Amino acid sequence: MTDREGDREGDHRFSDGEGFDDAYEEFDLDPPELAVDPGKVDPIDSRVVTDTLDDQNIATDDVDAEELLDVGLNYMQINRYEQATDAFERTAQFAEDERLEQEAWVNKGVAHAELEEYDAAIGAHREAINIDDSSEHAATAETNLAYALWEFGETSQALDHAERAVEIDERFAEGWFNRAFFLSERGLAEEALHCIDNAIRLGLRNTKVLEEKAEILEELGEYDEAEEIAEEANEMRERAEQRVMEERTDAQSQGRGQGGSLGGPQSQSQPQRGQEPQGGFDIADPGQASDRDEEDWRLE
1 MTDREGDREG DHRFSDGEGF DDAYEEFDLD PPELAVDPGK VDPIDSRVVT DTLDDQNIAT
61 DDVDAEELLD VGLNYMQINR YEQATDAFER TAQFAEDERL EQEAWVNKGV AHAELEEYDA
121 AIGAHREAIN IDDSSEHAAT AETNLAYALW EFGETSQALD HAERAVEIDE RFAEGWFNRA
181 FFLSERGLAE EALHCIDNAI RLGLRNTKVL EEKAEILEEL GEYDEAEEIA EEANEMRERA
241 EQRVMEERTD AQSQGRGQGG SLGGPQSQSQ PQRGQEPQGG FDIADPGQAS DRDEEDWRLE
């Protein structure tokens, strides 16, 4: 043994203590159903949730499907769509309530659409519709399916499902808007105008809707009214941009630690024509018919 080895052996002596008398649990922020067994999963595997949440490793009763759905929605809010699709698929797998399962499939389809995986989106929405084709989520599934089919190039099928959406829920504003768009694409401007007016009566009045209505009016030769609607859309966009700038300035004036959030997510049941979803990702909750005031609108 060298002198260095002898010195090393003499150093770093540890005192003798009594140790811990009582057992204690480790501190962990993760829910117990997401605990990882290193013997089963590579610790650097990015798909650890997918690998551990299956029937072989965990019982269905140990998984809170609603919490797992919230995990997927949170992933959507931070644009982590691949992780969201995994969370929604697992939600559908473990959900004992058909309504929750259907909601998970609808949201999974939206996540795939965000990734431009329209074939997978179509499959997810069809799964949702197969569960119950007349439930509260069926109209959303139908109009989202129409959107995915249109992006996938199946334009004729897209119109069929857009029409089915408003047949299920005639107060579904986004469904009326999408139906108007598909009819306009086919050159059926008069029918499209009727549909988009219904969407506006039901409260869907934003820049994209007004711009679409202006285009339809131009197709019908109503140029004066189209110009008025287009000007209103421009004014609405300018106000929105000004509001965003003011909120951003206010957030910055509060200090670096306040962050730059420009408000909470907005509920949007369907990505509109060629645009990203506007805020909220609770896509499978278009709202019940009873939630809307029957006196505020009338269909033509």
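All residue numbers for the sequence shown refer to UniProt numbering, where the first residue is 1 and numbers rise by one.
Each residue gets a CB set at the ideal place from its N, CA and C atoms; glycine is no exception.
A quick note: this is a predicted structure, and the numbers were derived from the prediction, not measured.
In this structure, Val106 sits near His137, with a CB-CB distance shorter than 8 Å. Between the segment 158 to 175 and the segment 107 to 124, the count of C-beta pairs closer than 8 Å stays below three; the two stretches do not touch.
The residue from Glu246, Gln102, Val110 and Gln242 with its alpha-carbon nearest to that of Ser135 is Gln102. Rounded to the nearest whole angstrom, the CA to CA distance from Thr143 to Ala65 is 25 Å. Phe181 is positioned such that its CB atom lies closer than 8 Å to that of Glu212.
Sequence-distant partners of Ala230 (beyond 5 residues in either direction) whose C-beta falls short of 6 Å from its own C-beta, in its chain, are Ala214. In the DSSP annotation of this structure, the continuous segment of the alpha helix (DSSP H) that includes Val166 starts and ends at Thr155 to Ile168. DSSP, reduced to helix, strand and coil, places Asp197 within a helical segment of the structure shown. Assigned with DSSP and collapsed to three states, Asn79 falls in coil, not helix or strand. Taking 4 residues as the shortest admissible run, the UniProt repeat "TPR" (102 to 135) contains the following complete alpha helix (DSSP H) segments, listed from N- to C-terminal end: 118 to 131. In the displayed model, Ala214 falls within a helix according to three-state DSSP. DSSP, read as helix, strand or coil, puts Asp64 in coil.
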